[in-house]
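Colleague: Each residue of the sequence shown is one higher than the last, beginning at 49 in the working numbering. In this text, a Cβ means the ideal position worked out from N, Cα and C, and glycines have one as well. For clarity, every value in this text was computed on a predicted model and none was experimentally measured. Here's a structure for you.
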Amino acid sequence: MPLMLSSPSPVLELKPYKSLADAELISRIQAVRESLGRELLILGHHYQQDEVIALSDFRGDSYGLSQNAASSSDCRSIVFCGVHFMAETADILANRPEKLAERTGRRVPVVLPDLAAGCSMADMAAIDQIEDAWDQLGDVLETADLTPVTYINSAASLKAFVGRHGGIVCTSSNAKAALEWAFARTRRVMFFPDQHLGRNTAFRMGVRNDEMPVWDPYAPALGGNTAGQLAASRVILWKGHCSVHQMFRPEHVRMFRQKYPGIKIIVHPECPQEVFELADESGSTSKIIKTVEAAAPGTKWAIGTELHLVNRLKQQHPEQEIHFLSPVVCMCATMYRIDLAHLCWSLENLAAGTAVNVIEVDEETARWSLVALERMLEVR
Ligand code: 13P
Ligand code: SF4
């Protein structure tokens, strides 16, 4: 297929790609990668399907992918094989003012191959709900003594809110450092949208469960709390969760321990506290990978995170015995939307001079999000 980078052509339709065989899609994707060379950066989150991961230039957890987008220098476009909030973050970091100045104003478009690749957890906190909660909290607490911390799994508007209110973004790999950063500034933290990451991290730092009320945005007043509960709080948790990780249950941990004596349980911190506290180890997707890679042959594992990553670890480490920590399938259906057909379609459009599915955060939101994201990249 001829590649005409300098002459934009009409958008290629997605439909025909859906009936192509994987082998053809892979070879066409490879052709675009070779043709665009360093001008193209394909980023892939660890939960992506194997075929997509194999075609990514860099794979990582949310922190690593953000760092990569922030430091990208030669590329002219980024194709993000992940979910919407990740592509937004990449757009903010790759097109921040200093990067734009280096490129004399040229933006790097960030393409999300399927716009339906969202995150159900991120959707559990809308900016108007956060603003309403903050206003209500202002009626009963001193918000000057409250730092907002948003998990990176959130819309850019929430990151901007946090930037404006002296807060920070965190990922699963630096949540403890982000909370330390926040507690060095204020006595209290408001953590959204994932109650589990917030609770698991703060609990290990010595915050008691009764100091962590949950804010339900659908409750008639004060998120379903009394003014007294909020006054006694250290961390106000948002009532949000990951639909994938909430499927792991303490009975699964007990079942594996009983059936496979000596087995080690490792889980993502988005798991509920009852599971997290029973596990031997925990961490971001990258930490889970590194821990398994470093283990001795013969180690038995039950892993509590998304299915594609666990299956890949199983294939890559036949010398270890790896189990998925649930009898039911827990996969991230939205990550799964990025498939070879969407990847090939978006890449061939790029190669033909038309960036499709570009995620671009408006300037004002990007400016304030960047404040909170830069803080995130500074703490580890
Ligand atoms: P990581 O940053 O650990 O890769 O987590 C991303 C995510 O969405 C987990 O559900
Ligand atoms: Fe969102 Fe959960 Fe999917 Fe991660 S695994 S992207 S938190 S729905």
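Are Phe133 and Ile175 closer than 8 Å when you measure CB to CB?
Modeller: For the purposes of this step, residue 133 is taken as the residue at position 85 of the sequence shown. For the purposes of this step, residue 175 is taken as the residue at position 127 of the sequence shown. Taking 8 Å as the Cβ cut-off, Phe133 and Ile175 do not qualify as a contacting pair.
Colleague: In three-state terms, what does DSSP make of Ser55?
Modeller: Within the sequence shown, numbered from 1, the residue matching residue 55 stands at position 7. The predicted position of Ser55 is uncertain, since its pLDDT is 46 and thus under 50; no value can be drawn from it.
Colleague: With DSSP as the reference, label Ser120 as helix, strand or coil.
Modeller: Against the sequence shown, residue 120 aligns to sequence position 72. Three-state result, Ser120: coil.
Colleague: My parser needs the alpha helix (DSSP H) runs of 4 or more residues fully inside the segment 217-300; what are they?
Modeller: 223-231, 243-252, 275-279
Colleague: For Asn222, count neighbouring C-beta atoms within 10 Å of its own C-beta (all shown protein chains included) and say buried if the count is 16 or more, exposed if not.
Modeller: Translated into positions along the sequence shown, residue 222 becomes position 174. It counts as buried.
Colleague: With 16 other CB atoms within 10 Å as the buried threshold, where does Ser202 fall?
Modeller: To locate residue 202, count along the sequence shown from 1; it is residue 154. Under this definition Ser202 is a buried residue.
Colleague: Within 10 Å of its beta-carbon, does Arg428 have 16 or more other beta-carbons around it, so buried, or fewer, so exposed?
Modeller: By one-based count along the sequence shown, residue 428 stands at place 380. Arg428 should be labelled exposed.
Colleague: Just reading off the alpha helix (DSSP H) that Thr195 is part of, what are its end residues?
Modeller: Indexing the sequence shown from 1 puts residue 195 at position 147. For Thr195, there is no enclosing alpha helix (DSSP H); the enclosing beta strand (DSSP E) covers residues 194-199.
Colleague: Please indicate yes or no: does the CB of Val377 lie closer than 7 Å to some heavy atom of the ligand SF4?
Modeller: Position 329 of the sequence shown holds residue 377. No; taking the cut-off as 7 Å, the Cβ of Val377 has no heavy atom of the ligand SF4 nearer than that.
Colleague: Between the C-alpha atoms of Glu354 and Met379, what's the straight-line distance to the nearest angstrom?
Modeller: Along the sequence shown, one-based indexing puts residue 354 at 306. Along the sequence shown, one-based indexing puts residue 379 at 331. Their backbone Cα atoms lie some 5 Å apart in a straight line.
Colleague: Is any non-hydrogen atom of the ligand 13P found closer than 7 Å to the C-beta of Asn38, if you look at the structure I gave you?
Modeller: Given a span of 49 to 428 for the chain in the structure shown, any question on residue 38 remains unanswerable.
Colleague: Is any non-hydrogen atom of the ligand 13P found closer than 7 Å to the C-beta of Met132, if you look at the structure I gave you?
Modeller: By 1-based counting over the sequence shown, the position of residue 132 is 84. The residue asked about is misnamed: residue 132 is His in this sequence, not Met. Flag unset: Cβ of His132 not near the ligand 13P.
Colleague: I need the boundaries of the alpha helix (DSSP H) containing Ile386, first residue and last residue.
Modeller: Locating residue 386 in the sequence shown gives position 338, where the first residue counts as 1. Note, Ile386: premise wrong, no alpha helix (DSSP H); not H, not E.
Colleague: Is the beta carbon of Tyr111 within less than 7 Å of some heavy atom of the ligand 13P?
Modeller: In the sequence shown, residue 111 corresponds to position 63, counting from 1. It does: the Cβ of Tyr111 is within 7 Å (strictly closer) of some heavy atom of the ligand 13P.
Colleague: Buried or exposed, going by whether 16 or more other CB atoms sit within 10 Å of the CB of Gly130?
Modeller: Your numbering for residue 130 matches position 82 in the sequence shown. Buried is the call here.
Colleague: Are there any heavy atoms of the ligand SF4 lying less than 7 Å away from the beta-carbon of Glu354, as far as the coordinates show?
Modeller: Your numbering for residue 354 matches position 306 in the sequence shown. Yes - the ligand SF4 has a heavy atom lying nearer than 7 Å to the Cβ of Glu354.
Colleague: Return yes when the C-beta of His93 is under 7 Å from any heavy atom of the ligand 13P, and no when it is not.
Modeller: By one-based count along the sequence shown, residue 93 stands at place 45. It does: the Cβ of His93 is within 7 Å (strictly closer) of some heavy atom of the ligand 13P.
Colleague: Cβ of Cys319 within 7 Å of any heavy atom in the ligand 13P?
Modeller: Numbered from its first residue, the sequence shown carries residue 319 at position 271. No - the ligand 13P has no heavy atom lying nearer than 7 Å to the Cβ of Cys319.
Colleague: Cβ of Ser394 within 7 Å of any heavy atom in the ligand SF4?
Modeller: The residue labelled residue 394 in the question sits at position 346 within the sequence shown. The answer is no for Ser394.
Colleague: Determine the contact status of Ile200 and Ala414, defining contact as a CB-CB distance below 8 Å.
Modeller: The sequence position of residue 200 within the sequence shown is 152, counting from 1. The sequence position of residue 414 within the sequence shown is 366, counting from 1. Taking 8 Å as the cut-off, the Cβ atoms of Ile200 and Ala414 do not count as close.
Colleague: Just checking Cys129 against the ligand 13P - is the residue's beta carbon closer than 7 Å to any of the ligand's heavy atoms?
Modeller: Here the question's residue 129 lines up with position 81 in the sequence shown. Not under cutoff, so the answer is no.
Colleague: I'd like to know whether the C-beta atoms of Asp109 and Ser332 end up nearer to each other than 8 Å.
Modeller: Numbered from its first residue, the sequence shown carries residue 109 at position 61. Numbered from its first residue, the sequence shown carries residue 332 at position 284. Yes; because the gap between Cβ atoms is below 8 Å, this pair is in contact.
Colleague: In the structure shown, what three-state DSSP assignment does Ala350 receive?
Modeller: The count along the sequence shown starts at 1 and reaches residue 350 at position 302. Here Ala350 sits in strand by DSSP.
Colleague: In three-state terms, what does DSSP make of Gly153?
Modeller: As a working mapping, residue 153 is identified with position 105 in the sequence shown. Correct three-state label for Gly153: coil.
Colleague: So, Val159 versus Val404, is the Cβ gap smaller than 8 Å?
Modeller: Along the sequence shown, one-based indexing puts residue 159 at 111. Along the sequence shown, one-based indexing puts residue 404 at 356. For Val159 and Val404, yes; Cβs fall inside 8 Å.
Colleague: With a 10 Å radius around its C-beta and 16 neighbouring C-beta atoms as the bar for buried, classify Arg423 as buried or exposed.
Modeller: The residue labelled residue 423 in the question sits at position 375 within the sequence shown. Under this definition Arg423 is a buried residue.
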